[in-house]
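Only one structure is covered here, and it is reproduced in the block below.
Below is the structure:
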């Protein structure tokens with residue numbers, strides 16, 4: 001059964017179409033990812049589904065009684081309720097359900113005593129009655145305070161937060177509270193617009209697991225490629241040619257899109273060659289009377305030939321960082337960094353090193369102090385104790401999480417970028433801004449009228465115009481679309497300087513980080529490896545801890561009973577040390593051994609990978625030469641006289 005049906009829906013902003021004649025059906029268990037560049041209409045489509053934006057043409061039909069939950073990017077949440085009250089009260093109360101049940105029972109009784117009632121009317125009321133009974137049973141079974149607290153804990157709230165007033169929380173935590181309320185409600189259709197924007201990595205992992213088990217339908221907008229791939233089984237994408245739909249996750253969509261493009265490009269080339277041959281024949285024999293019939297036949301064929309529209313591509317920001325000035329091997333040295341806010345110690349005696357060429361990701365729970373540490377290292381925030389020293393010839397470039405606060409609202413985008421490098425001429429500034437999709441009159445837009453994504457691109461352009469050789473970046477993918485996030489990761493992966501960044505975007509961290517700093521409880525755990533390697537080591541450690549815990553319990557159960565009062569004292573020996581201490585040391589030794597093995601295995605893996613790269617480069621070279629050979633043959637007009645040879649060559653080329 002369909003939850004929502006869009007029939008020939010069109011919506012325009014000024015003279016620009018957002019959607020035109022869109023037909024879309026959403027079934028009960030659909031898991032749909034919305035894909036497209038910023039400004040293409042993803043959030044607008046969610047507003048259409050939520051009823052917050054009426055269409056200019058067509059209609060949006062919702063199933064009767066549909067329970068819909070909508071998480072928008074621009075939330076306004078006031079105070080007056082505690083966190084737990086906010087979540088629990090988000091579900092319609094039992095009294096409201098009882099009232100609806102009584103009304104439907106009265107309606108059913110009236111229909112049963114009315115001879116004019118149709119079977120359809122009775123069936124509709126009976127279906128509503130059954131749905132209400134099911135909802136009441138569901139309410140009693142699932143909407144408990146225990147479940148609400150479980151969801152809040154998964155999203156990073158502490159036990160002590162449940163009695164705090166909603167007005168005390170920051171915007172990011174309010175967004176989490178709204179998300180918790182939506183998950184607690186378990187609506188028939190969830191509309192999620194960038195739900196991971198304000199979540200830290202542990203919360204994203206929990207949310208991913210929750211959503212994978214979610215039995216109902218949802219729409220999801222996300223710039224995290226891994227998260228999108230884990231969740232969706234269908235893609236609705238805003239392309240240059242309009243809204244398209246594909247089955248499968250994001251990776252499957254990219255593959256299908258590429259296959260479509262290859263087929264259309266080859267078809268266009270083949271038709272182009274046929275047109276060219278026909279036109280040559282027509283031009284050559286147009287004046288010969290004995291060829292008039294053949295020429296006329298070719299003219300008619302040429303007129304009837306179809307036009308193939310090659311798939312268009314949306315603009316994505318593309319840029320490369322310029323070569324940086326060489327600096328010392330030790331880029332940054334920090335010793336004994338401490339920082340407190342009131343009685344709360346955020347950083348406790350943190351000592352870290354950053355070497356030239358490092359790409360380091362700082363991860364950890366929200367509120368652990370990731371942004372605080374980054375700001376201290378960038379010189380943007382004073383520390384309470386300790387010191388941080390930059391190496392020789394180190395030049396810092398800083399991208400703040402709240403970059404919008406650093407932009408001047410009344411300046412134009414061009415003025416903001418140009419101010420970062422007064423030596424750069426107009427051509428250089430416009431070239432950089434063009435790489436970030438600001439062209440023509442767009443560069444003269446005031447900052448105050450720019451969208452969140454446009455402001456993020458202005459901040460990145462400010463960084464590129466004068467990047468330095470040590471970049472510190474705080475959540476750089478926030479407000480960027482998926483394509484732009486991946487383009488930024490690609491650009492940073494070729495950057496020859498040093499990068500220290502905070503991000504909750506797993507695909508971004510996996511792509512970029514060669515070292516992990518996990519910040520928790522005021523301390524930094526440094527892991528010299530990728531995110532996947534760190535998560536593997538973490539899981540191994542957790543499994544060993546669980547085994548050790550079970551071992552302690554089993555050892556305790558096997559211990560002889562304690563002597564009673566008055567019994568002679570038992571002398572302690574080395575073998576009779578506390579089981580917990582013995583297991584702890586063994587556990588620590590085993591953990592260190594496995595981590596050493598992991599590092600050794602990673603180092604050994606480099607050589608076969610290099611060999612594989614060399615082999616693949618050789619194969620690529622052979623394929624490119626074969627492609628050139630086939631292209632040369634296809635450029636010979638005589639090839640097209642032999643249909644079999646032509647088709648064989650085209651198949652080889654593909």
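In the working numbering, the protein residues as written are 1 to 654. Backbone N, C-alpha and C define an ideal beta-carbon position, used for all residues, glycine too.
Judged by DSSP in its simplified three-state form, residue 73 adopts coil rather than helix or strand.
In the structure shown, the three-state DSSP call for residue 247 is strand. Around the beta carbon of residue 231, 16 or more other beta carbons lie within 10 angstroms, which makes this residue buried. Contact between residue 338 and residue 383 holds, since their C-beta atoms are separated by about 7 Å, short of 8 Å.
With a contact defined as Cβ atoms closer than 8 Å, residue 336 and residue 385 qualify at about 6 Å. Per DSSP, residue 19 is one residue of the beta strand (DSSP E) stretching across 16-27.
Burial is judged here by how many other beta carbons sit within 10 angstroms of a residue's own beta carbon; residue 80 has fewer than 16 and is exposed. The C-beta separation of residue 75 from residue 175 comes to about 6 Å, placing the pair in contact by the 8 Å criterion.
Take the alpha-carbon of residue 51 and the one of residue 365: they are about 35 Å apart.
In the DSSP annotation of this structure, residue 395 is not part of any alpha helix (DSSP H), being labelled neither H nor E. By DSSP's assignment, residue 338 forms a beta bridge with 385. Boundaries around residue 350 are those of the beta strand (DSSP E), 344-355, since no alpha helix (DSSP H) includes it. In the displayed model, residue 113 falls within coil according to three-state DSSP, outside both helix and strand. In this structure, the CA atom of residue 505 is about 10 Å from the CA atom of residue 511. Judged by beta-carbon spacing, residue 194 lies within the 9 Å limit of residue 221, meaning their Cβ atoms are closer than that value. Counting only residues of its own chain and dropping the five nearest sequence neighbours on each side, residue 640 has a CB closer than 7 Å to the CB of 273, 277, 646. The Cβ atoms of residue 6 and residue 65 lie no closer than 9 Å to each other.
Spatial neighbours of residue 154 in its own chain (CB-CB distance under 6 Å, excluding positions within 5 residues in sequence) are listed in chain order as 206. Excluding the 5 residues flanking it on each side, residue 18 has same chain C-beta neighbours closer than 7 Å at 11, 12, 41, 44, in chain order.
Between the stretch 421-429 and the stretch 458-468 there are three or more inter-stretch CB-CB distances shorter than 8 Å, so the stretches are counted as touching. In this structure, 189 is the residue among 161, 97, 189 with its C-alpha nearest to the C-alpha of residue 25. A straight line joining the alpha-carbon of residue 460 with that of residue 360 spans about 19 Å.
With the rule of 3 Cβ pairs closer than 8 Å, the stretch 347-354 counts as touching the stretch 327-336.
Sorting 141, 371, 345, 408 by C-alpha distance to the C-alpha of residue 522 places 345 at the top.
Residue pairing of residue 154 in beta bridges, as defined by DSSP: absent, with no partner found.
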